[in-house]
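Enquirer: Residue numbers (the numbering used here): 53 to 411.
Take this structure, written in C-alpha cells, and hold onto it; I'll ask about it next.
Following this line, the structure appears as C-alpha cells:
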C-alpha cells in the first residue's frame, strides 16, 4: 500500500480562514486527512473539524487532543463529527499527553501514562458502541467525577470505526500505544523522534518498543497504523520561513525540557538555552515570547522543524524519508507551521515539496 500523505493546521487563525485553508490544501494536493492541533485559548478544534467534515471531501481528526478534556466528551464529539463525513471519509482521534501551550493554563505539566491508557480504553470502547463500566477507569473517575456504579455508552455511535492513535514521546506511552491504541503518532517536534533523534537511533528504539508492546497485548492482531508528523515551514523567502519555524520549534523544545530533559542531553542540545525558551511558557508569557528566545542556530541544530525554501525543505525531507520507509510508517503528516503565508506554503508543498518527497 502507498504511504498516505496528510496535512495539519494549527488553530492560530479564525475558523473561517482555517476552513478556507482546508479547501486550498485539497486543491493543491489530494491529502488523505486534514488534522487539527487542539489547544486551549485558540479556536475550538472539534468545531473546526466538524465544519471541515461537513464541507470538504477529506477525513479529519485532532492531532492531537489530550485528556485534560473529558474522554467521555471527546468520544461523543468525534462520534457526531463522523456522521458529517463524506462517503468514504471518516474521523480519527490523535491523543497526546499535552504540551507547552497547555501548560500555560493547567497546573499539571503532563497527563500520566495511566490516564492516557484509561482514556484510550474508554474512548475505544465507547466509539465501538459498547456499554463501558466506569469502575474500570479509577483515574478518570477521580479527575472527572464519574459515577463508578454505572456504565456509559454512546446512544448514537459513529457509523464507521473511529480509530484512536496515541502520540508517544517516551517509553511509557510507547507501551500505551502498542498495547491499547489503534496506532502510534511519532512527531518531529518530540525529542526522541525529532530529526536529531532519528539520526541517533531513538526513532528506531521507539518503533521497536511500540511493536513489542503490540505483540504482547491481548489484541495483537488488530489493525495498527504508524504515523509520522513532519513539521515544515516553507516559503520562497527562506529567512521568513526560518523565523516562522521558531514558534513551533519553541513548542517542541519546551515540551522536551518540561517532560524529558535528559533527552536534550542525548541530542546534544544545551539545557540552559532551551530552558530560557521553556520559561516563557511556564511563566505564561506566550508563544510569541517563546519564539523570540529561539535563535536561528537553535532552529537549525535542533531540527524540530524543517525550514527554508522549497529546495531546502526537500533536501531535509529526503534525508528523513529512508528512515520512515525502513521503520514501516503508513502515513506522513506534512504539518504545522507550514509557512508564514499558508496559501503560499500549501501551493509550494503540493506542487514542489511533496512530489519530490514521493518520487
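Cβ atoms here follow ideal geometry from the backbone N, Cα and C, with glycine treated the same way.
Classify residue 69 as helix, strand or coil using the three-state DSSP reduction.
Expert: helix
Enquirer: Thinking C-beta only, is residue 135 closer than 8 angstroms to residue 111?
Expert: No. Outside cutoff.
Enquirer: Can you look up residue 238 in the DSSP assignment and give me helix, strand or coil?
Expert: strand
Enquirer: At 3 residues or longer, and completely inside the region 172–233: list those beta strand (DSSP E) runs for me, N to C.
Expert: Listed in chain order, the beta strand (DSSP E) elements of length 3 or more contained wholly in the region 172–233 are 216–219.
Enquirer: Using the Cα positions of residue 375 and residue 293, report the straight-line distance between them to the nearest angstrom.
Expert: 25 angstroms
Enquirer: Pop quiz: residue 248 and residue 181 are said to be a contact at Cβ under 8 angstroms. What is the actual Cβ separation, rounded to whole angstroms?
Expert: Residue 248 to residue 181, Cβ: 43 angstroms. No contact.
Enquirer: Tell me, which residues are paired with residue 61 by DSSP?
Expert: Bridge partners of residue 61: 88.
Enquirer: Can you check whether the C-beta of residue 99 is within less than 8 angstroms of a C-beta belonging to chain B?
Expert: The structure shown contains no chain B; it is built from a single protein chain.
Enquirer: Just how far apart, CA to CA, sit residue 179 and residue 369?
Expert: In a straight line, the C-alpha of residue 179 is about 35 angstroms away from that of residue 369.
Enquirer: Any idea if residue 83 is buried or exposed, counting beta-carbon neighbours within 10 angstroms, 16 or more meaning buried?
Expert: Residue 83 should be labelled buried.
Enquirer: Measuring only the C-alpha atoms, how far is residue 340 from residue 299?
Expert: 7 angstroms
Enquirer: What are the start and end residues of the alpha helix (DSSP H) that includes residue 250?
Expert: 247–251
Enquirer: Touch check for the region 282–292 and the region 357–366: three-plus C-beta pairs under 8 angstroms?
Expert: The region 282–292 makes contact with the region 357–366: 3 or more CB pairs, one atom from each, lie closer than 8 angstroms.
Enquirer: Give me the Cβ distance between residue 97 and residue 117, rounded to the nearest whole Å; I'm assuming they're in contact under 8 angstroms.
Expert: Residue 97 to residue 117, Cβ: 6 angstroms. Contact.
Enquirer: Look at the alpha carbon of residue 127 and the alpha carbon of residue 403, and state the distance between them as a whole number of angstroms.
Expert: 36 angstroms
Enquirer: In terms of DSSP beta bridges, what is residue 114 paired with?
Expert: 88
Enquirer: Counting beta carbon pairs with one atom in the region 165–174 and one in the region 228–247, are three or more of them shorter than 8 angstroms?
Expert: The answer is yes - the region 165–174 touches the region 228–247, with three or more Cβ pairs under 8 angstroms.
Enquirer: Residue 62 and residue 313 look like a contact to me (Cβ under 8 angstroms); what is the Cβ gap, rounded to whole Å?
Expert: That belief does not hold up - the Cβ atoms of residue 62 and residue 313 are roughly 25 angstroms apart, past 8 angstroms.
Enquirer: Run the CB neighbour count on residue 227, radius 10 Å, all protein chains shown included, and call it buried at 16 or more, exposed below.
Expert: Residue 227 is buried by the Cβ-count criterion.
Enquirer: What do you reckon, are the CB atoms on residue 186 and residue 204 nearer than 8 angstroms?
Expert: yes
Enquirer: Tell me whether residue 324 sits in a helix, a strand or coil according to DSSP, three-state version.
Expert: helix
Enquirer: Rounded to whole angstroms, what is the Cα-Cα separation between residue 103 and residue 164?
Expert: 32 angstroms
Enquirer: Taking 8 angstroms as the threshold (C-beta atoms), are residue 60 and residue 385 in contact?
Expert: Contact flag set, yes.
Enquirer: Residues in the same chain with beta-carbon distance under 8 angstroms from residue 175, minus the five sequence neighbours each way, listed in chain order, please.
Expert: 123, 126, 127, 145, 147, 216
Enquirer: Whose C-beta lies closer than 8 angstroms to the C-beta of residue 11 among residues of the same chain, with five residues either side of it excluded?
Expert: Examination of residue 11 is not possible in this model, given that the chain is present from 53 through 411 alone.
Enquirer: Relative to the C-alpha of residue 367, which residue among 407, 334, 330, 378 is closest?
Expert: Ranking 407, 334, 330, 378 by Cα distance to residue 367 puts 407 first.
Enquirer: Got a sec, what are the start and stop residues for the alpha helix (DSSP H) residue 368 sits in?
Expert: Counting along the chain, the unbroken alpha helix (DSSP H) around residue 368 starts and ends at 362–378.
Enquirer: At which residues does the alpha helix (DSSP H) containing residue 285 begin and terminate?
Expert: Segment 277–286 is the beta strand (DSSP E) holding residue 285; no alpha helix (DSSP H) there.
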